[in-house]
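Per the working numbering, residue -11 is the first one in the sequence shown, and the count goes up by one each step.
Glycine included, C-beta positions come from ideal geometry on N, C-alpha and C.
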Amino acid sequence: MNYAVLGAGKMGSALVHGMLASGLTTGDHVTVSATTPESAAKTASSLGVKFAGSNTEAIRDAGIVFLCVKPAQATAVISSVSPDLEGKLLISIVAGIRSEDLFQAAKGGARVIRSMPNTAVRLRKGITALAPHLSSTEEDLKMAMAIFSSVGSALVVRESDLDTVTAVSGSGPAFALLMLEAMAQGGIDGGLEPEQAKTLAAGALAAAASLVNETGQTPLALRAEITSPAGTTAAGLKVLENKGLPEIVRASILAARNRSIELSIPPIHS
Ligand SMILES: NC(=O)c1ccc[n+]([C@@H]2O[C@H](COP(=O)([O-])OP(=O)(O)OC[C@H]3O[C@@H](n4cnc5c(N)ncnc54)[C@H](OP(=O)(O)O)[C@@H]3O)[C@@H](O)[C@H]2O)c1
């Protein structure tokens, strides 16, 4: 299978990096494009893949085309290459652009799947939600699942839920990083060296995620196992709950989701 990556910027590059690291494909099967051939060449050389001087050229030999440009450019880029997309699988990672709009921009010739990965795909620890458009087949979805599973894990959601996905797993790492910073600062306040505090806080968050992912138990049940009555964890949890941390985090998810919805509404041109 040959892959084209239209717009290999931060996220497109992270995806390619993860796919190569996983062994799913090799550099000679991936072609990237960017705004200019010079920019594409630079990215291609750092990733160890091929580059194309135009989007049309990038697509030519590809079976799967990843759309990784900014939302404002997405439909224009697809319209400009619509004849070349005939019969190809188009996987968009673009936030806020509906799969139907991409399908229409491609003049109905491409099979479309929309996705929302996060930057951890670079480390093969990403989480990606996939929303198949009606034009795509079960085989396409299986292929997309295999690709995104090679760079972390993947699940299928309704397209209407992608704004919430963006908030939880797209923006979510930044929320968890704020928690990590605060935990490390607490460790520094308690006398740890900054590096020790950061390592211990990161280890604690990684442990929480691994426990959830690998035991299949609920966060609540796992939390109960760590929390003995009147113990240290209970003392800390009491402060977090009394200060309203769960409500604050839920509100932050809602704010990010609402912003995602706002950003996906095209501006009205007079
Ligand atoms: N960053 C995230 O965490 C994240 C997570 C999930 C989804 N996404 C989505 O990923 C997409 C890309 O985000 P990003 O952060 O990677 O942005 P970025 O770094 O700015 O990358 C955008 C890329 O598009 C290229 N480009 C612009 N116009 C083009 C055109 N006409 N033809 C071909 N390439 C073109 C740019 O080329 P030049 O480098 O030459 O300018 C650049 O390489 C966005 O739609 C975003 O919604 C991002």
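Rounded to the nearest whole angstrom, the CA to CA distance from Leu233 to Leu165 is 15 Å.
The closest heavy atom of ligand 1 lies 7 Å or more from the beta carbon of Val100. Residues of the same chain with a CB within less than 8 Å of the CB of Ile176, apart from the 5 flanking positions on each side, are Pro182, Ala185 in chain order. Gly51 and Ala(-8) have their C-alpha atoms some 8 Å from each other. Looking at Arg110, Arg86, Leu251, Asp89, the one whose alpha-carbon comes closest to that of Gly140 is Arg110.
Per the coordinates, the alpha-carbon of Leu77 lies some 13 Å from the alpha-carbon of Arg48.
DSSP lists Thr116 as the beta-bridge partner residues of Ala142.
In the DSSP assignment, Ile81 falls outside any alpha helix (DSSP H), carrying neither H nor E. Counting C-beta atoms within 10 angstroms of its own C-beta, Pro120 has 16 or more neighbours from the protein chains shown and is therefore classed as buried. By the neighbour-count definition (other C-beta atoms within 10 Å, threshold 16), Gly204 is an exposed residue.
Counted as a single uninterrupted DSSP element, the alpha helix (DSSP H) harbouring Ala244 occupies residues 233 to 252. Checking the 7 Å criterion, the Cβ of Pro105 is within range of a heavy atom belonging to ligand 1.
For the region 195 to 228, not one full-length beta strand (DSSP E) segment reaches 3 residues or more. For Met131, the enclosing alpha helix (DSSP H) stretches over residues 126 to 137. By the Cβ-count criterion, Leu122 is exposed, with fewer than 16 other Cβ atoms from all chains shown falling within 10 Å of its own Cβ. Assignment of Val65 by DSSP, reduced to helix, strand and coil, places it in the helix class.
Relative to ligand 1, the nearest heavy atom lies less than 7 Å away from the CB of Asn43.
Listed in chain order, the alpha helix (DSSP H) runs fully inside the region 142 to 170 are 150 to 153, counting runs of at least 4 residues. Within the chosen limit of 7 Å, ligand 1 reaches the beta carbon of Pro59 through at least one heavy atom. Taking each of Gly(-5), Lys231, Glu213, Ala243 in turn and checking the Cα distance to Ala60, the smallest one comes out for Gly(-5). Two segments are said to touch when three or more pairs of C-beta atoms, one from each, lie closer than 8 Å; by this definition the region 131 to 146 touches the region 99 to 108. Here the C-alpha atom of Pro161 lies approximately 20 Å from the C-alpha atom of Cys56. Buried is the label assigned to Asp128, since at least 16 other Cβ atoms lie within 10 Å of its Cβ. When rounded, the separation of the alpha-carbon atoms in Thr19 and Leu228 is 48 Å. When the alpha-carbon of Ser42 is set against those of Val69, His17, Leu35, the nearest one is in Val69. A direct Cα-Cα distance of roughly 28 Å separates Asp149 from Glu74.
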